[in-house]
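*Asks:*
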């Protein structure tokens, strides 16, 4: 286990360096004027150009400038917004909301997704199975922003069950979390169903049934644990999609999180703010993926000894 | 069950080939045609898949929808005679009626005409991006898998770096750096979105290609070709590629729908396609402020978008089933 963790951390370092370099190079050092898109519809004022040039060391050669930028990131300095506020402060203020939203979305997708998958997988070919298959297909094909707008108008405005926009309470995050998690929910349900159907045919399940174990124990303990391994992988890999979806959902429901900051930054053409916030989300995604890999070793003993 | 494939073969065509009986393996070059096997004409994996596909209702339905959409993208005049850019502010946000089936949008343009014309941007972005990532990913994956060693290590780490950036977030970074404005020509705006999605989209294709090439390159016929003195490019293009391409074809079909969604999402965010281009994403973003009063502005472009995505997902499912020997 210890060796595995060290090994994974070792693989992680070059990826983080490469990814942040990729983003830095994309934003600041591609041919052309890096300030063409950073200040809204007008050209950037000279003092802003001077400030950003100093801040991002744009006069230095690329590798050196990148190293200084990484140093800044590591010490928590993410630069300033166009109006001069610290991006780090704003991120710190907004991050808990985005965290709540994504954790809620993951809860929605895992709890409902696994339940639907088990219902469908244990009644293969039945009514519930077909219902799950068809409804997941429909959910998958409706893009998150369309679903968000539909949910907002239906459950928020028409029926009044949920707040239309965020008022800061956890309850107001429930509808956005369902919307955000819906796509992954459908994938989780299909994944669990497929794995369950496959695993129910294995020898060890037949043995468990032959031993006289109850159906609940056979499915809940013996089969489900094995069927959940791919789900953990999926949730980890999908976390990046969730963060991308958070930009859309926080924009629609006006939730004051990091995604909303990006959404507003895009509309105000504040390139520097957008890229700084997105970089943070990408870093979070990398860390979460590492954690998922470690979690993987906890669930699947075969990996622990590898 | 009409194909003699062992059940333990997992990757569609890669492992499929060595398992072929001699008559079929030789038949690849047409030399042992009619050598006493069931069919006079040898069947390839693609041929088998095509036979399966023609009988699959899911494939037929999704292919029909996609054909209509492609026709809509290529010749929108077939579906509507109204000019999507002839707008009358007096008609602003009028609901659907006999003269305008889908109603009017904010600028008083005919929603039906605009929805029909919106297919072009979605299909164009989806197809171009998919072609781009299939090409780049295949080349990278083939080189990494075929050469192995240091080339492989370098290319694989490079792939990892691009893979680590979530696609929507990465595309936002690219497009925030190269924004389009109302004055940007349409092909440039579309090109930027294709680039933004393509820059990060090729990694899965590269990984798929690499792993199948590693399997295929050990096959006897590749060794034979090398023994006969075939050059690297000939071995790669004539012997390895045709036998390693199936997983990429399957993935490309599925990912096309994802690219359509991502384009619409970026356009909705206001960072993808821009005003002179007609796009479902832009139409939906315009509808956002008037949801309560004019839901038709959301419903029609939203429905077209969803049906398009659904069609590509169903097509991808059908193609995957057809190419997967485990299901035969």
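Chains as they are written, first to last, in full-length UniProt numbering: chain A, 1 to 306; chain B, 1 to 328. All C-beta atoms, glycine included, are put in the ideal place defined by N, C-alpha and C. Since the structure is predicted, the reported quantities are computational estimates derived from the model, not experimental observations.
Should the stretch 107-120 of chain A be called in touch with the stretch 186-196 of chain A, which here means at least 3 C-beta pairs below 8 angstroms?
*Replies:* At 8 angstroms Cβ cutoff, the stretches touch.
*Asks:* Can you tell me whether DSSP reads residue 86 (chain A) as helix, strand or coil?
*Replies:* Residue 86 (chain A): strand per DSSP, three-state reduction.
*Asks:* Could you check what DSSP says for residue 152 (chain A) in three-state terms: helix, strand or coil?
*Replies:* Of the three classes helix, strand and coil, the one that applies to residue 152 (chain A) here is helix, per DSSP.
*Asks:* Beta-carbon separation of residue 259 (chain A) and residue 81 (chain A) under 8 angstroms?
*Replies:* Not in contact: residue 259 (chain A) and residue 81 (chain A) (Cβ atoms no closer than 8 angstroms).
*Asks:* Any chance you could list the alpha helix (DSSP H) runs of at least 4 consecutive residues sitting entirely within the stretch 142-206 of chain B, in chain order?
*Replies:* Runs of the alpha helix (DSSP H) inside the stretch 142-206 of chain B: 149-163, 167-177, 186-201.
*Asks:* Would a check of beta-carbon distances place residue 122 (chain B) closer than 8 angstroms to chain A?
*Replies:* Judged by the 8 angstroms Cβ criterion, residue 122 (chain B) is not in contact with chain A.
*Asks:* Mark residue 295 (chain B) as exposed unless 16 or more other C-beta atoms lie within 10 angstroms of its C-beta, in which case mark it buried.
*Replies:* Answer is buried; the Cβ neighbour count reaches 16.
*Asks:* Any idea if residue 214 (chain A) is buried or exposed, counting beta-carbon neighbours within 10 angstroms, 16 or more meaning buried?
*Replies:* By the neighbour-count rule (16 or more Cβ atoms within 10 Å), residue 214 (chain A) is not buried but exposed.
*Asks:* Within 10 angstroms of the Cβ of residue 143 (chain A), are there 16 or more other Cβ atoms? Answer buried if so, exposed if not.
*Replies:* With 16 or more other Cβ atoms within 10 Å, it is buried.
*Asks:* Exposed or buried, what is residue 75 (chain B) when buried is set at 16 or more other beta-carbons lying within 10 Å of its beta-carbon?
*Replies:* Exposed.
*Asks:* Would you kindly work out how many angstroms separate the C-alpha atoms of residue 165 (chain A) and residue 292 (chain B), rounded to a whole number?
*Replies:* Cα to Cα, the separation comes out at about 14 angstroms.
*Asks:* How big is the Cα-Cα spacing for residue 224 (chain A) and residue 296 (chain A)?
*Replies:* The alpha-carbon atoms of residue 224 (chain A) and residue 296 (chain A) are separated by roughly 15 angstroms.
*Asks:* Note down, in chain order, each residue of its chain lying with its Cβ closer than 6 angstroms to the Cβ of residue 198 (chain B), except the 5 sequence neighbours on either side.
*Replies:* Cβ within range, chain order: 129, 132, 133.
*Asks:* Take every Cβ of the stretch 171-185 of chain B, pair it with every Cβ of the stretch 271-284 of chain B, and state whether three or more of those distances are shorter than 8 angstroms.
*Replies:* With the cut-off at 8 angstroms, the stretch 171-185 of chain B and the stretch 271-284 of chain B touch.
*Asks:* Can you tell me whether residue 30 (chain B) is buried or exposed? The criterion is at least 16 other CB atoms within 10 Å of its CB, across all chains shown.
*Replies:* The pLDDT assigned to residue 30 (chain B) is 40, lower than 50, so where the model puts this residue is not dependable; a value taken from the coordinates is nonetheless given after this. Classification of residue 30 (chain B): exposed, given that the 10 Å Cβ count is below 16.
*Asks:* Return the residues of the stretch 234-257 of chain A that lie within a Cβ-Cβ distance of less than 9 angstroms from chain B, sorted by chain order.
*Replies:* Listed by position along the chain: 239, 240, 241, 242, 243, 244, 245, 247, 248, 251, 252.
*Asks:* So, using beta-carbon positions, are residue 141 (chain A) and residue 306 (chain B) closer together than 8 angstroms?
*Replies:* For residue 141 (chain A) and residue 306 (chain B), yes; Cβs fall inside 8 angstroms.
*Asks:* Name the chain B residues that come within less than 7 angstroms of residue 307 (chain A), Cβ to Cβ?
*Replies:* Look at the range of chain A in this structure, 1 to 306, and you will see that residue 307 (chain A) is not part of it.
*Asks:* Report the CB separation of residue 309 (chain A) from residue 274 (chain A) in whole angstroms; it is logged as a contact under 8 angstroms.
*Replies:* Because residue 309 (chain A) is not part of the residues shown, which for chain A are 1 to 306, the question remains open.
*Asks:* Express the C-alpha separation of residue 279 (chain A) and residue 152 (chain B) in angstroms, rounding to a whole number.
*Replies:* One C-alpha to the other measures close to 28 angstroms.
*Asks:* I'd like the list of long-range same chain contacts for residue 103 (chain B), defined as Cβ closer than 6 angstroms, with 5 residues on each side in sequence excluded.
*Replies:* Once the five neighbours on either side are set aside, the close Cβ partners of residue 103 (chain B) are 94, 95, 96, 111, 296.
*Asks:* If we count the other Cβ atoms within 10 Å of its Cβ and call it buried at 16 or more, is residue 200 (chain B) buried or exposed?
*Replies:* By the neighbour-count rule (16 or more Cβ atoms within 10 Å), residue 200 (chain B) is buried.
*Asks:* Apart from the five residues on each side of it in sequence, which residues of its chain come closer than 6 angstroms, Cβ to Cβ, to residue 247 (chain A)?
*Replies:* 259, 262, 263, listed in sequence order.
*Asks:* How many Å lie between residue 251 (chain B) and residue 211 (chain A) at the Cα?
*Replies:* Their Cα atoms are separated by approximately 42 angstroms.
*Asks:* Determine, using beta carbons only, whether residue 321 (chain B) comes closer than 8 angstroms to chain A.
*Replies:* No, its Cβ sits nowhere closer than 8 angstroms to a Cβ of chain A.
*Asks:* Compute the beta-carbon to beta-carbon distance between residue 262 (chain B) and residue 171 (chain B), rounded to the nearest angstrom, for a pair I have assumed lies under 8 angstroms.
*Replies:* With 8 angstroms as the limit, residue 262 (chain B) and residue 171 (chain B) qualify as a contact, their Cβ atoms being about 7 angstroms apart.
*Asks:* Check this for me: beta carbons of residue 73 (chain B) and residue 119 (chain B), under 8 angstroms apart or not?
*Replies:* Their beta carbons are under 8 angstroms apart, which means residue 73 (chain B) touches residue 119 (chain B) by this criterion.
*Asks:* For a test of the three-state rule: what should DSSP assign to residue 52 (chain B), helix, strand or coil?
*Replies:* Helix.
*Asks:* Report all residues from its chain with a CB closer than 6 angstroms to the CB of residue 162 (chain B); omit the five preceding and five following residues, and keep chain order.
*Replies:* Correct list, in chain order: 200, 203.
*Asks:* Shorter than 8 angstroms from the beta carbon of residue 310 (chain B) to some beta carbon of chain A?
*Replies:* At least one chain A Cβ lies under 8 angstroms of residue 310 (chain B).
*Asks:* Assuming residue 199 (chain A) contacts residue 205 (chain A) (C-beta within less than 8 angstroms), just tell me the rounded distance between them.
*Replies:* So it is a contact: roughly 7 angstroms between Cβ atoms.
*Asks:* Compare the C-alpha of residue 164 (chain B) against each of A:299, A:281, A:54, A:2 and name the closest.
*Replies:* With distances taken between Cα atoms, residue 164 (chain B) lies closest to A:281.
*Asks:* Identify the continuous alpha helix (DSSP H) that holds residue 286 (chain B) and give its terminal residues.
*Replies:* Its alpha helix (DSSP H) spans residues 280-287.
*Asks:* Could you name the residues of the same chain whose beta carbon sits closer than 7 angstroms to that of residue 278 (chain B), not counting the 5 residues immediately before and after it, in chain order?
*Replies:* Within the same chain, residue 278 (chain B) has close Cβ partners 84, 114, 117, 118, 121.
*Asks:* Using the Cα positions of residue 44 (chain A) and residue 117 (chain A), report the straight-line distance between them to the nearest angstrom.
*Replies:* Answer to the nearest angstrom: the Cα atoms are 53 angstroms apart.
*Asks:* Since I believe residue 244 (chain B) is in contact with residue 209 (chain B) (beta carbons under 8 angstroms), could you give me their beta-carbon distance rounded to a whole number of angstroms?
*Replies:* Sure, about 6 angstroms apart at Cβ, within 8 angstroms.
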